[in-house]
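Asker: So that we are looking at the same thing, I have put the structure below in structure tokens.
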Amino acid sequence: MKRKVIIDCDPGIDDSLALMLALSMDELEVLGITIVCGNSPVEMGFENAKKVLKQMNRLDIPVFQGADQPLKRDYVNALDTHGADGLGESFLEAVPGYEQKKNAVEFLEEALIQGGCSVIALGPMTNLARLIRVNPHAFELTEEIVSMGGNYKSHGNCSPVAEYNYWADPDAAALVYETAWEMQKKIHMVGLDVTRQIVLTPDLLEYMKRLQPQTGSFVQAITKFYFDFHWKQEHLIGCVINDPLAVAYFADRSLCSGFEAYTAIETGGISIGQTVVDAMHFYQKEPNSVILTEVDALRFFTAFFGKVLGINPEKPDLLPALVRYGTNLPCSREQGEK
Ligand code: RIB
Ligand code: CA
1 MKRKVIIDCD PGIDDSLALM LALSMDELEV LGITIVCGNS PVEMGFENAK
51 KVLKQMNRLD IPVFQGADQP LKRDYVNALD THGADGLGES FLEAVPGYEQ
101 KKNAVEFLEE ALIQGGCSVI ALGPMTNLAR LIRVNPHAFE LTEEIVSMGG
151 NYKSHGNCSP VAEYNYWADP DAAALVYETA WEMQKKIHMV GLDVTRQIVL
201 TPDLLEYMKR LQPQTGSFVQ AITKFYFDFH WKQEHLIGCV INDPLAVAYF
251 ADRSLCSGFE AYTAIETGGI SIGQTVVDAM HFYQKEPNSV ILTEVDALRF
301 FTAFFGKVLG INPEKPDLLP ALVRYGTNLP CSREQGEK
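This note's numbering puts the sequence shown at residues 1 to 338.
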């Protein structure tokens, strides 16, 4: 049985890799893609999502523009990390069409109120927060929410304590987590504690190009800028691809492990955007989150290569090559990446 899902994202380089993975997974039925301002302004993210859909030959998937600014904070993009076009300065040809018949929140509301549909949130949570404001019942009926965002014990990438998606719109993240608590729902938080272990290395990229030249070349085109950013920012050879792990985890829970806790997001002051995980139950509040702390990076890359490249993961040389080419690389702990 395919699992119905909406991907809310801010493409964005790693969002694009996440979309490629989701659209390669037979076990997922992607009902639509909703765009939120984040890495890129929402209009740019909308255009970038279409470029990825064209690459995947999936222009049948609807895309909807959402929030163009956070609930309260001024909007801060991450184009320093994702390039002037938000897609690694690949400057891919624009894809026409997709005139807007409805906005992201309207689409989310219509789809989620039916029940049986989940959300994978890969950007700031502004669209989800706006959905809660217009129709909390639709949010309540969401089957599952997996969020790439936040950090438990891993340092932030926008401040010592804050991860970009929750830092860019802390009020939205705070509302989503608090509403989840009120509704006895749990947000699966795929945070920096696990995503920092998912490093696409030059060898792994080269291996992708050898196995599937067209797809590998596309991935290279959109990640070159990201590789350069990671070298400049933290002298890492490779790039942390956060968002695809959220998609892989949604499809296969066994990839990550962690614990349930009550979690809140700080909305002001020096630690704005901090994920406050009550692992020791100080607040005596029921859990509203599953905080993921361990990941099997080799199994992630096996799934990622298998699905995105369309090759049999049991392929005899895939696993040894993934190990040989650099899976499970320790990534730098000095700086952040987003
Ligand atoms: O902090 C990493 C997250 O912020 C990723 O989702 C990246 O795409 C940016 O949105
Ligand atoms: Ca993202």
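Think of the CB as a built atom: it goes at the ideal place given N, C-alpha and C, for glycine as much as any other residue.
Could you tell me whether any non-hydrogen atom of ligand 1 is closer than 6 angstroms to the CB of L122?
Answerer: For the purposes of this step, residue 122 is taken as the residue at position 122 of the sequence shown. At least one heavy atom of ligand 1 is nearer than 6 angstroms to the Cβ of L122, so yes.
Asker: Give the straight-line distance between the Cα atoms of L92 and K51, rounded to the nearest whole angstrom.
Answerer: In the sequence shown, counting from the first residue as 1, residue 92 sits at position 92. In the sequence shown, counting from the first residue as 1, residue 51 sits at position 51. Those two C-alpha atoms are separated by around 7 angstroms.
Asker: Just reading off the alpha helix (DSSP H) that S217 is part of, what are its end residues?
Answerer: Along the sequence shown, one-based indexing puts residue 217 at 217. Taken as a continuous stretch (DSSP letters only), the alpha helix (DSSP H) holding S217 covers 213-234.
Asker: Is L128 helix, strand or coil when you go by DSSP?
Answerer: Position 128 of the sequence shown holds residue 128. Here L128 sits in helix by DSSP.
Asker: Roughly how many angstroms separate the alpha carbons of A168 and V36, rounded to a whole number?
Answerer: For the purposes of this step, residue 168 is taken as the residue at position 168 of the sequence shown. For the purposes of this step, residue 36 is taken as the residue at position 36 of the sequence shown. If you take the alpha carbons of A168 and V36, they lie about 11 angstroms apart.
Asker: Count the other C-beta atoms from every protein chain shown that fall within 10 angstroms of the C-beta of F250, then say buried if there are 16 or more, exposed otherwise.
Answerer: For this step, residue 250 is matched to residue 250 along the sequence shown. With 16 or more other Cβ atoms within 10 Å, it is buried.
Asker: Ligand 1 and G38: does the residue's C-beta get closer than 6 angstroms to at least one heavy atom of that ligand?
Answerer: The residue you call residue 38 lines up with position 38 of the sequence shown. Yes, the Cβ of G38 comes within 6 angstroms of a heavy atom of ligand 1.
Asker: Please tell me whether V134 and I6 are closer than 7 angstroms, where the distance is taken between their beta carbons.
Answerer: Indexing the sequence shown from 1 puts residue 134 at position 134. Indexing the sequence shown from 1 puts residue 6 at position 6. No, these two residues do not count as a Cβ contact at 7 angstroms.
Asker: Nearer than 6 angstroms: is that true of the beta carbon of E234 relative to any heavy atom of ligand 1?
Answerer: Position 234 of the sequence shown, counting from 1, holds the residue named residue 234. Result no, Cβ not under 6 angstroms from ligand 1.
Asker: Helix, strand or coil: how does DSSP classify S332 here?
Answerer: Residue mapping note: residue 332 aligns to position 332 of the sequence shown, counting from 1. Because S332 sits at a pLDDT of 43, beneath the cut-off of 50, its placement in the model cannot be relied upon, and the following sentence gives the value as read from the coordinates. Correct three-state label for S332: coil.
Asker: Tell me the rounded alpha-carbon separation between M183 and E109.
Answerer: Mapped onto the sequence shown, residue 183 falls at position 183. Mapped onto the sequence shown, residue 109 falls at position 109. C-alpha separation (whole angstroms): 17 angstroms.
Asker: Going straight from the alpha carbon of M56 to that of L23, what length do you get?
Answerer: Locating residue 56 in the sequence shown gives position 56, where the first residue counts as 1. Locating residue 23 in the sequence shown gives position 23, where the first residue counts as 1. Spanning the two alpha carbons is a distance of roughly 7 angstroms.
Asker: Can we count G156 as close to ligand 2, meaning its CB is less than 6 angstroms from some heavy atom?
Answerer: Position 156 of the sequence shown holds residue 156. No - ligand 2 has no heavy atom lying nearer than 6 angstroms to the Cβ of G156.
Asker: Does the beta-carbon of N312 have 16 or more other beta-carbons within 10 angstroms, so that it is buried, or is it exposed?
Answerer: Here residue 312 is taken as the residue at index 312 of the sequence shown, counted from 1. It is exposed - the Cβ of N312 has fewer than 16 other Cβ atoms within 10 Å.
Asker: Is DSSP giving E89 helix, strand or coil here?
Answerer: As a position in the sequence shown, residue 89 is number 89, starting the count at 1. Coil at E89, not helix or strand.
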